[in-house]
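Participant:
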Amino acid sequence: EFWDWVGGRYSLWSAIGLSIILSVGFDNFVELLSGAHAMDKHFSTTPAEKNLPILLALIGIWYNNFFGAETEAILPYDQYMHRFAAYFQQGNMESNGKYVDRNGNAVDYQTGPIIWGEPGTNGQHAFYQLIHQGTKMVPCDFI
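The number in my numbering is simply the position in the sequence shown, starting from 1, with 574 added.
1) What's the gap between the Cα of serine 588 and the Cα of glycine 708?
2) So, under 8 Å CB-CB, tryptophan 690 and alanine 659 are touching, yes? Tell me the CB distance rounded to an integer number of Å.
3) Buried or exposed: where does proline 627 fall if 16 or more other Cβ atoms within 10 Å of its Cβ makes it buried?
4) Is DSSP giving alanine 700 helix, strand or coil here?
5) With three or more C-beta pairs closer than 8 Å as the rule, is the region 696 to 708 touching the region 675 to 686?
6) Distance, Cα to Cα, glycine 599 vs asparagine 666?
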């Protein structure tokens, strides 16, 4: 059953997950669900000072608003994750790409960076030069 209240952001966990099961296999899909459940539990039960999603969000806000970093690179080093940057980009930028807060008031701060990335093996001879020796600050998440 595909419920009408399941939005695109959460479709991975719904009946749409069937296509994922067909691609990665049922056992791997169960591992994906187990990992997501573990992180949901961690987020809802761990104090803020040790809470990974909260800490990563705060680091992102810090880089974007206090260091002026306009982008964030996601750099997986596993070929199976070669499309992860695009997946993360969609969820992050769709959620944070707003000029108003949840009450409809205009904000006077940056709401999120431009997310981009490629597998590290592709970027080593392309944009890594800019990251390592250029003048732009580019926060990077190596996976």
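Even for Gly, the Cβ is constructed at its ideal location relative to N, Cα and C.
Facilitator: Answer, in terms of the structure:
1) The count along the sequence shown starts at 1 and reaches residue 588 at position 14. The count along the sequence shown starts at 1 and reaches residue 708 at position 134. Whole-angstrom Cα-Cα distance: 43 Å.
2) If you number the sequence shown from 1, residue 690 lands on position 116. If you number the sequence shown from 1, residue 659 lands on position 85. Taking a contact as a CB-CB distance under 8 Å, the pair tryptophan 690 and alanine 659 counts as one, their CB atoms being some 6 Å apart.
3) The residue labelled residue 627 in the question sits at position 53 within the sequence shown. If you draw a 10 Å sphere on the C-beta of proline 627, you find fewer than 16 other C-beta atoms in it, and that means exposed.
4) Here residue 700 refers to the residue found at position 126 of the sequence shown. Coil at alanine 700, not helix or strand.
5) These segments do not touch.
6) Sequence index remark: in the sequence shown, residue 599 carries index 25 (1-based). Sequence index remark: in the sequence shown, residue 666 carries index 92 (1-based). Whole-angstrom Cα-Cα distance: 27 Å.
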